[in-house]
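Protein chains: 6
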Amino acid sequence: MRTDQRNRNSLRPVTITPNFLQHPEGSVLIQVGNTKVICNASIEDRVPPFMRGQGKGWITAEYAMLPRATEQRNIRESSKGKVSGRTMEIQRLIGRALRSVVDLDSIGERTVWVDCDVIQADGGTRTASITGAFVAVVLAFESLLRRKVLSKMPITDFLAAISVGVLPDGMEILDLNYEEDSKAHVDMNIVMTGTGEFVEIQGTGEEATFSMKQLNELLQLAEQGIQTIIMKQREVLGDITNRIGESVTAKGESK
Amino acid sequence: MRTDQRNRNSLRPVTITPNFLQHPEGSVLIQVGNTKVICNASIEDRVPPFMRGQGKGWITAEYAMLPRATEQRNIRESSKGKVSGRTMEIQRLIGRALRSVVDLDSIGERTVWVDCDVIQADGGTRTASITGAFVAVVLAFESLLRRKVLSKMPITDFLAAISVGVLPDGMEILDLNYEEDSKAHVDMNIVMTGTGEFVEIQGTGEEATFSMKQLNELLQLAEQGIQTIIMKQREVLGDITNRIGESVTAKGESK
Amino acid sequence: MRTDQRNRNSLRPVTITPNFLQHPEGSVLIQVGNTKVICNASIEDRVPPFMRGQGKGWITAEYAMLPRATEQRNIRESSKGKVSGRTMEIQRLIGRALRSVVDLDSIGERTVWVDCDVIQADGGTRTASITGAFVAVVLAFESLLRRKVLSKMPITDFLAAISVGVLPDGMEILDLNYEEDSKAHVDMNIVMTGTGEFVEIQGTGEEATFSMKQLNELLQLAEQGIQTIIMKQREVLGDITNRIGESVTAKGESK
Amino acid sequence: MRTDQRNRNSLRPVTITPNFLQHPEGSVLIQVGNTKVICNASIEDRVPPFMRGQGKGWITAEYAMLPRATEQRNIRESSKGKVSGRTMEIQRLIGRALRSVVDLDSIGERTVWVDCDVIQADGGTRTASITGAFVAVVLAFESLLRRKVLSKMPITDFLAAISVGVLPDGMEILDLNYEEDSKAHVDMNIVMTGTGEFVEIQGTGEEATFSMKQLNELLQLAEQGIQTIIMKQREVLGDITNRIGESVTAKGESK
Amino acid sequence: MRTDQRNRNSLRPVTITPNFLQHPEGSVLIQVGNTKVICNASIEDRVPPFMRGQGKGWITAEYAMLPRATEQRNIRESSKGKVSGRTMEIQRLIGRALRSVVDLDSIGERTVWVDCDVIQADGGTRTASITGAFVAVVLAFESLLRRKVLSKMPITDFLAAISVGVLPDGMEILDLNYEEDSKAHVDMNIVMTGTGEFVEIQGTGEEATFSMKQLNELLQLAEQGIQTIIMKQREVLGDITNRIGESVTAKGESK
Amino acid sequence: MRTDQRNRNSLRPVTITPNFLQHPEGSVLIQVGNTKVICNASIEDRVPPFMRGQGKGWITAEYAMLPRATEQRNIRESSKGKVSGRTMEIQRLIGRALRSVVDLDSIGERTVWVDCDVIQADGGTRTASITGAFVAVVLAFESLLRRKVLSKMPITDFLAAISVGVLPDGMEILDLNYEEDSKAHVDMNIVMTGTGEFVEIQGTGEEATFSMKQLNELLQLAEQGIQTIIMKQREVLGDITNRIGESVTAKGESK
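Protein chains in written order, with the UniProt record's numbering: chain V, 1 to 255; chain S, 1 to 255; chain P, 1 to 255; chain F, 1 to 255; chain A, 1 to 255; chain C, 1 to 255.
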C-alpha cells in the first residue's frame, strides 16, 4: 500500500480542462492528483532562422513553475537571469515528444510554441506537461482547421507520458507523487503513442542501478498507465479524436 | 457608452477566490473582468541582509505574466535573462503599497514574499495584483495567528487599487480594459486604504497632458471604485475582517 | 525652518550651463543645490525597429550615477551586469515626460537619445534630470534648425519637474534635499508644462499614507516651484524661447 | 555494411591514455574512433553548501567542446555567456552516472570535479566522456589512497557507456559515428556497470518512434559493447582493477 | 606641423582641478586638450576576500565613458550588461600603475577605489586617467592623514602617463589626439615615475611594426612629456608634494 | 642558475605538432616546456558586420584554459557567464599580433578565427599561443592555396612571441615558467617578426618599476629567444616557408 492508499499500478485522478484561457490557440489545465499545469499552445506564422525556406514547421516548448508551486518557495528563473539545467532538460523533452506525432511537413512554415506552467507541483510535472500539451496542440491545430488555414489535422497519433519508479523496498510503482519521487532509487519517465510505440524512455538510478527484469516490469506499468490516460484525452477531445491520424500516411511517406 | 457597455464609473465584475493553491500560506485567484491573477503570499523566517538585526519584518513582491496571458505571445523574462523595466516598476509598486498597511515592527524578522502571476491579461493587471495580494497577505498572517506565531493581525487597514484614465474624446473613465488602456491619453493608477487615504498616485500622460480639473475628476472616480472593491475583500475575508486594524495604534506610535 | 534654512516653499539655487560638452547636439550641466547632472541630447537618424515606417520620431532616455556621486560609493551597473529597477523607473519617466512636449510627427524618423548622468547627488536627481534634459533637447533641435534639417522647433511647451513631500512632523515642503528625502513620509515628483498642465504625478507613501487635503497642498507647492524653474529655462534659452510652441497647433491637430 | 565498413555490432577502436595531463589528480585522454575527449578528475576538500555537515562527498561534472572540435566552428559558451541546454543535459548525465558507482559516504566531505573537454568530435562524445571519466576518477582516488587520505578505493563497480540507434532502413547499430547519428531515427545512450546493471537509459525518437522489440535489440547491442569497453578499462587500470568493488558491501549497507 | 599646430614633441594644455566633487575622499577633474576625465578616489575600510588577513591594502580602478563623450554615441556598458575588453584592459592598467607607487603595506586593510569617468574624449583618455587618478589618490590619502587615520603619506613617488605614436609618414609624435590616434601605425602608452623609472610600456603596431630605433625615439618623447606633466601635478598638490616619497624607504625594505 | 637549471637566456624546449586535429583548416599543438596549447585556425567565408563591403579580411582570436590546466582548478568562464579581463586582454593581443603579418587586403572578405586552448599551463601561455597560432594560420592559408581559393600566401613575415622578466634579485631572464612568473618584479611580453621588427611590447612592473637599462637588456634577451623560436617554426613549415613574404610588396603598398 502506498502513502495515498493507491495500488502500485494505480494512477492518480486525471482531469483535463480544455479551453482554459482565452488568448491561446489551444489551452488546457491538466490536473494529475495535486499536480496542476497550464498548457498553452500558440501558433506563430514563421519558423526559427535555422529552418527557414524548408517549407516545414517546428514545435518548441517552454516549461516553468510558479515560485510557490512547491512546498518551499523557489527563486524565479527570471530573477536569477538564467534557466536551470533541469528546466532545459524538461522543455527539450516536451518539444521532442510532441514533434514525434506531428507531421511538420504539412503545417507549412509555422512554429507551435508550447508553454507548460506548473501552478502546483506534487510529482510528475514533466509527464503531466506532455499529456496536457498534446491536447493543447490538438486544440490549436483544430482552430487552424476551423479557420481553413490547414485542411487536415497534422497529428499522426495520440501521445501521453507517465512516470514509473522503484521504491527503496524494491517495489515498482506507477505515477509517483512528490514524496515517492524523493525517495525512489530508480526514476523513469516514459512517453508513448496511442499505438503503443515508445517515443522516449528516460530511466535513471540516482546512486543506484536496476536490472533488465526491473526495466521490463516498469515498462509494463507505464504502458498500462499511458493507455488509461489516452482514454481521458479522447474523452476531452470528443469528435476531434476522429481526425487524429488522418495524415499518418503522409508522414510515413515523407520520412 | 464604453465598448463593453459599461458606464464611465462602472467597475468590471470582481471575483476573489481564497485558498486557490495548496502550498502558499496565503493564496488567491483574483478576476477583474477578463484579467486573472494568481496572488500567493509566502512567509520566510528571515529578512534580507540590509534589514537584519532590527527586529522588524519586510514585504517584497514579484510580478510576472504567463507568455500567453496576452493576445500576442511574449518572450519569457527567464529566457531573455533579465527582468524588464515595466516588471520592475510594477513589483516595486506592489511591495510599497502593501508595506503601507502592514505593521512591520510587529511581525518580527520575517519576510512576506508576494508573487503575482498574471495568467490572463485584459488591462489593470497591476491594480488587480495589489487588490488580490492584499487578501493573500491577510490570509498568510491569519495562518500565523492560527499557529500562534503571531498574536495580533499586523494589518492596519484595508488596501485596494484601481486604474482611471482619460479617453481621446476627453471622457474620464474607471477601470480601463486593455483596449481602452491602449488608446487612453492619460492613465492613472490609484492605491487607497479602507479609510480613504492615498497610498500611491501614479498619473501619466503619454504624449499628452492633463489639468487639475481632470485630476480631481479622476481621483473621485478612483475613490468610489476602490470602496466598492474593498467591500468585495470584506466579503471574502468574512470574520477575519474584524481583526484588520487592531494593531493600528501600535503602528501610529511606532512612527 | 529647514536644515538648510529654507522656507517650506523655497527652491534651492538652480543653475543651468548650456553647451557644457563639445560632442552632443545638445548639452547642459544642471545644478540644483548640490545636485549636479550632465544632460546630453544626441540625434540619431533612425528610429527603433518597432517604430520604423511610420514617418515619426522617438525620444528615449538613459540615467546613471557616477559611483561616487553619493556619500557611499555605489557599485557600477555595468559591473553588476544589470540595470536596477530604480534606474529603469527613472529613465522611463524622463523619456515619457519629454515625449509629452515634443511633436514627434514633425521630426521625421529620428531618435533623440537623452543621457542624464548624475555626477553629484543631493536629492531630486530625477526631477533635475527632466528639467535639464528639456533644455538639452531644445538645444539639440535648435542645432537641427540651424543646419536646416528641421524647419520648425518641434517643442510644443516648456517642461520642468520638482519634488515635494511631507516631513514626519506633517509639514509639506518643496524641493527635498537628500536628508529630507530620507526621512519624508510622503514623496512626490511632479512634471508640469509651461501652461500649467500636469504631465506626470508620482506620489507615494513609504510605510505611510496621505489625505486629499495634503495632496492639494503638495500640488500647489509644486506648481509654484515649477513656474520659477521654467523662468530659469527661459533665461538660459534666450531667443530660442520664442520658437517654443510654434508647432503647438500641428501637434494639437495630429492627436 | 556501415559507411566505415563496421558490422552493426562493432565498436570503433577505443584507446585510453592514462595520466595525460600533469596537474589533475586523475587525467585521461579517451579516443573512440575519431572522437577524442580529455577527462580530468580534480579533488576539492569541501562539498557544495547544500551538502555540508553530512559527512559525505559529492561528484559533479562539466562538459565542453573546443569551438573547432566539429566540422563547423561553434561559438564558445563563455562568449555566449550561457551554457546550452544540450551541455547541461550532458553534464548532469555524466555526474549522475559516476555517482552510481562511488560510495560517497566513504570519501568524506570532498567534491570530485570531473571535466570532460571534447577536443575532436565524431559522435558519441557523451558516452566516451562517461567511459573516460570513470578511469580518471579511479586514478584520482588511487592518488588519494597512495597519499593515505583514503584507506579503501570508494568505487563499487566498473562503469561505461555507449550509444545505439536505429538507421532509417530499420537496422539497429552499435556506437554511432557523427554521420550515422545525424540520420538515425532512434538514438539511445546506455550506461551500465561491470555487473551488467543499468544506470541510465536515454532513448529518444526524434520525429519517430520505436517498438518494444527494437528496444530489446538495442539493449542487447549496448550490453555487449559496454562489456568490451570495460575490458579496455581493466587493461588500462592494471592492478588498480582489484581494488574496485572492495567497498561494495559498505555501500550496499549504507543504502 | 600637426593638425592642431603642435610640434611633434608638444603636449596639449593640461589642467587639473582638485576637489572637483564633494563626496569622494579625493576628487579631480583633469583636462588634456579636449579630453576631460573626472577621477575620484574612495577609501573603503576593508580589502577584497583574496587579500584578507594580510594586514595590507589594495588599489583597484574602474574606467567608463559617458555615452556621448565621443563624436558618435556609444551604448552604455550597463545596458549591454557587460564590460568591454577595452574597458577591462584600461582599468587593469590604471590599477596596476597606481599600485606601483603606493606602499600598500602601510595603509592597513583598506581598499582605494579609483573611478575614472571620461566626460569628453579626444584621445589619450587612459593616460589622462592615470595622471589625474594619481592626484586624486594623493588627495584621498591626505584626507586620511588629516583625520589621523594614517601617520605617513603612503605614496613613494610621482606617477604620470602619456601616449606616443608613429604617424603614417613615419613621424614620431607626443600626446596623440583622437584624429592622430585613429591613423597612427604605432601606438604606445608609457607610465613613468617622478624619478624616471618605467612602470608600464604598452606599444603596439596595428597592422604594422616598428624598429628598435623608433622605439628609442618614442621612449625619449614620452619621458620629456611625463616630466612636464609631473610639474603640473606638483603645482596642484602644493605643500602635499613634500610628503611624497617619505615612506619610500619603508617600501624599499618591505620588498 | 634557475630552478629548472636553465641559464638566464635559455628557452625551454619548444615542440610544434602540425595538423594536430582533424577538422580545422590549420591545427597545431605547441609545447613550451610544460605549457601545452592547442592552436586552431578556422576560415569563415564572411567578415564581421563592421567590415562588410570593404573587400578585405579579418583575423580574430579566442583564448581559454581547461579548468584544470593549472595547479588549482579554475571555474569555467562559461559557468561564470562572462569572460575575464585577463582573457580579453590576451585574445585581443593574439589577434592584433597576427594581423600585423597578414595582408588582409589579399584574402577577400574572409575571417580567420584563431582558437588557442591551453590544456596545460606553466607560464608563457599567451606567448606560446601567438607562436603556435602563427603556424596554424599559415597552415590554414596553405589549405586555401591548395584548394586554389587563394593564389598567393598572404603572410608577409614570420611572427613569434616570448616573455622576459626581472627576478627579485634583479636578474633579467628569458622565458619565465609559472614559478618564476609568480615572483618576478617585472614581466614583459614581446612579439617580433622574422625581420626583427617589434609588433608588440607589453612590459609591466607589478608593485615595482624598471629602468631604461633593464628595458634594453630585456629586449635583447627577447630578440634572441624569438629568433630561435622562428627557426623551429621554419622547420615545422618546411617548404611552405618559402611562400612567406611573397606578398610583402603588396602589403607595403596597400598601407
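C-beta: ideal position from N, C-alpha, C; glycine also. Small disclaimer: the values here were computed from a predicted structure and weren't measured.
Under a 10 Å Cβ-count criterion, G33 of chain F is classified as buried, with 16 or more other Cβ atoms of the shown protein chains found around its own Cβ. Scanning its chain for C-beta atoms nearer than 8 Å, with the 5 sequence neighbours on each side dropped, one finds around T204 of chain C the residues V186, D187 and M188, in chain order. Look at S84 of chain S here: in three-state DSSP terms it is coil, with no helix or strand label. Taking 8 Å as the CB threshold, R73 of chain C stays off the interface with chain A. Here F198 of chain S carries a strand assignment [DSSP, helix/strand/coil]. Within chain S, no residue has its beta carbon less than 8 Å from that of A222 of chain V; the closest one is some 27 Å off. Short of 7 Å from the beta carbon of T228 of chain P, and not among the five residues preceding or following it, lie these beta carbons of its own chain, in chain order: L11.
Ranked by Cα distance from S100 of chain S, the options S:V47, S:S84, S:G194 and S:R243 are led by S:G194. The beta carbon of D122 of chain C sits closer than 7 Å to the beta carbons of G33, N34, T35, N177 and Y178 from its chain, once the five residues preceding and following it are set aside; these are given in chain order. Take the alpha-carbon of I90 of chain F and the one of Q202 of chain F: they are about 11 Å apart.
Taking 8 Å as the cut-off, the beta carbon of I75 of chain C is found no closer than this to the beta carbon of L21 of chain F. Cβ-Cβ distances below 8 Å link R8 of chain C to R2, M171, E172, I173, L174 and L221 in the same chain, with the five nearest sequence neighbours on each side left out; the list follows chain order.
In this structure, DSSP gives I30 of chain C an extended state, which the three-state scheme calls strand. The region 52–60 of chain F and the region 105–116 of chain F touch, with no fewer than 3 CB-CB distances between them shorter than 8 Å.
Taking C-beta separations shorter than 8 Å and ignoring five residues to either side along the sequence, the partners of T87 of chain F in its chain run Y63, A64 and E77, following chain order. V:V102 is the residue among V:S84, V:V102, V:V166 and V:V164 whose C-alpha sits nearest the C-alpha of A140 of chain V. Buried is the label assigned to T209 of chain C, since at least 16 other Cβ atoms lie within 10 Å of its Cβ. The beta carbons of K232 of chain A and V14 of chain A sit about 5 Å from each other, so the pair counts as a contact at 8 Å.
Listed in chain order, the beta strand (DSSP E) runs fully inside the region 137–186 of chain F are 159–166 and 172–174, counting runs of at least 3 residues. Put simply, the backbone Cα of T17 of chain S is about 6 Å away from that of I30 of chain S.
Burial state of F50 of chain A is exposed, judged by a 10 Å Cβ sphere holding fewer than 16 other Cβ atoms. Secondary structure at G53 of chain A: coil, using DSSP grouped into helix, strand and coil. Within its own chain, the residues whose Cβ lies closer than 8 Å to the Cβ of K183 of chain V, once the five positions on either side in sequence are excluded, are L167 and P168, listed in chain order. Beta-bridge partners assigned by DSSP to N189 of chain S: S:S163 and S:Q202.
According to the DSSP assignment, I226 of chain S belongs to no beta strand (DSSP E) but to the alpha helix (DSSP H) extending over M212 to L237. Rounded to the nearest whole angstrom, the CA to CA distance from G53 of chain C to A97 of chain P is 41 Å. By the CB criterion at 8 Å, M153 of chain A and E223 of chain A fall outside the cutoff. An exposed status is given to G238 of chain C, since fewer than 16 other beta-carbon atoms sit within 10 Å of its beta-carbon. If you compare the alpha carbons of V:E217, V:E206 and V:V191 with that of E206 of chain F, the shortest gap goes to V:V191. Counting along the chain, A61 of chain A sits inside the beta strand (DSSP E) bounded by residues W58 to M65. Boundaries for E207 of chain P: no beta strand (DSSP E) harbours it, and the DSSP string shows neither H nor E there. Judged by DSSP in its simplified three-state form, D115 of chain C adopts strand.
Beta-bridge pairing by DSSP links V102 of chain C to C:I155. Under the 10 Å beta carbon count, P67 of chain F is surrounded by 16 or more other beta carbons and is classified as buried.
Non-local beta-carbon contacts of A69 of chain F in its own chain, meaning distances under 7 Å to residues more than five positions away in sequence, involve V118, I119, Q120 and A121 in chain order. Within its own chain, the residues whose Cβ lies closer than 7 Å to the Cβ of L93 of chain C, once the five positions on either side in sequence are excluded, are R126 and E200, listed in chain order.
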